[in-house]
Amino acid sequence: MVPVSYYITLSAILFTLGALGVLIRRNAIVIFMSVELMLNAANLAFVAFSQMYASLNGQVFVFFVMTVAAAEVAVGLALIVAIFRNKHSIDVDEISTLRG
Amino acid sequence: MNTELLLFLILALVAIASALAMLASSNAIYSALFLIVNFGTIAIFYLLLGAPFLAMAQVTVYAGAIMVLFLFVIMLLGAEQLRQRQSLTWQQPLAIALGAVLLVETVYIFLTRSQSELLPSLEQILPDFGSPTAIGELLFHEYLLPFEITSVLLLVAMIGAIVLSRHRDVKVREELRPE
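These protein sequence lines are chains Z and F, in that order.
In terms of this note's numbering, the first sequence opens at residue 1 and continues consecutively.
In terms of this note's numbering, the second sequence opens at residue 1001 and continues consecutively.
This is how it looks when you write it as structure tokens:
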């Protein structure tokens, strides 16, 4: 069997890549996809620990995370479409109307 | 080296490479497609970890529904070729450095705190571990209330998406419409 630490390390790497994507990219949709990558990395850690402790609670939690992610994507993409309609851009540097 | 470890290493390589390619590609369509590859590998990891129900949900919900929504919006907006214009030149190297620090920190904490135990093999735990039946029983007994709240959440998200993406001048058009 593969040790659980391998899965946790992979999950940490994927989470870091997602965080890096949020910091580096300026395209709002790609930033959003990076957030999905981070959610998936957390899910992978959940499932790995669920297997390690032979408990299904972690898997049920992943199920809920997936549901929340679906809701988040629906609302988030609607927001991006609304912003694009107003600004004709989804560059996050140009979405600075609230700047004080 | 046993076959499962080999499979894990190959899949991990594919997952990390596709995540990197998602970050690096300038075309948002390619980013979305690389992310689908990544989600597919994660689904296979779920299968290896004894979570067949989650693996199928990952493929249908994430790689299917969510990414189709992403691709649809990218193509609808036609914003796939956004030029990467940096307003802050120091941001990118700083982000990479901080990301490296985060990675080292996380891996260090995980590997020192956990005694890196081996996973129990699938025969040791229940034979239907992670099957739709087991998940469903847990979901409808212990987690019944969160499950029901989830349906409200999805309803609210649906209404929110409809309200947000509705044209603002609907009311005006209705007023202008001849009787």
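A virtual CB, placed ideally from N, CA and C, is assigned to each residue, including glycine.
Judging by CA-CA distance, which residue of F:A1065, F:P1052, F:L1035 and F:F1045 is the nearest neighbour of A1134 of chain F? Among F:A1065, F:P1052, F:L1035 and F:F1045, the Cα nearest to that of A1134 of chain F is on F:P1052.
What is the DSSP secondary structure of N1027 of chain F, counted as helix, strand or coil? coil
Can you tell me which residues form a DSSP beta bridge with N27 of chain Z? Z:D91
7 Å Cβ shell around F84 of chain Z - same chain, five flanking residues per side excluded: Cβ neighbours of F84 of chain Z beyond the five flanking positions: I90.
Smallest Cα separation from L1077 of chain F: which of Z:T97, Z:G76, Z:H88 and Z:M52? Z:H88
Classify Y1062 of chain F as buried or exposed, calling it buried when 16 or more other Cβ atoms lie within 10 Å of its own Cβ. buried
Beta carbon proximity, T9 of chain Z to chain F, threshold 9 Å: yes
Could you check what DSSP says for Y1143 of chain F in three-state terms: helix, strand or coil? Correct three-state label for Y1143 of chain F: coil.
Work out the CA separation of G1064 of chain F and L1138 of chain F for me, nearest whole Å. Approximately 25 Å, taken between the alpha carbons.
Pick from Z:V68, Z:D93 and Z:G76 that is closest to P1146 of chain F, judged by C-alpha positions: The candidate whose alpha carbon is nearest that of P1146 of chain F is Z:V68.
Less than 7 Å between C-beta atoms, sequence neighbours within five positions excluded: which residues of the same chain meet that for L39 of chain Z? V65 and A69
Going by beta carbon distance, what residues of the same chain come within less than 7 Å of F61 of chain Z, once the five residues before and after it are set aside? Taken in chain order, the residues that qualify are F46.
Please list the terminal residues of the continuous alpha helix (DSSP H) segment that includes T1060 of chain F. It is not in any alpha helix (DSSP H) - T1060 of chain F carries neither H nor E in the DSSP assignment.
Roughly how many angstroms lie between the CA atoms of S55 of chain Z and I29 of chain Z, to the nearest whole one? 35 Å
With a threshold of 9 Å between beta carbons, is I95 of chain Z in contact with chain B? Looking at the structure shown, chain B is missing, and the protein chains on hand are Z and F.
Measuring only between beta-carbons, confirm whether I1066 of chain F sits less than 9 Å from chain Z. yes
Would the beta-carbon of F1039 of chain F fall within 9 Å of that of Q1058 of chain F? yes
Taking V1061 of chain F as the query, report the chain Z residues whose CB atoms sit under 7 Å from its CB, ordered along the chain. M66 and A70
For A1015 of chain F and L14 of chain Z, believed in contact at Cβ under 8 Å, the rounded distance: Confirmed, Cβ separation roughly 7 Å.
Which residue wins for smallest C-alpha separation from A1097 of chain F, given the options Z:L10, Z:G21 and Z:L44? Z:G21
Got a sec, what are the start and stop residues for the alpha helix (DSSP H) G1050 of chain F sits in? First-last for G1050 of chain F: undefined, no H or E at that position.
Grab me the residues of R57 of chain Z's own chain with a C-beta within less than 8 Å of its C-beta, minus the 5 sequence neighbours each way, in chain order. It is Asn, not Arg, that sits at residue 57 of chain Z in the sequence shown. Within the same chain, N57 of chain Z has close Cβ partners S50.
Please report the straight-line C-alpha distance between T9 of chain Z and V35 of chain Z, rounded to a whole angstrom. 18 Å
V75 of chain Z (DSSP reduced to helix, strand or coil): helix
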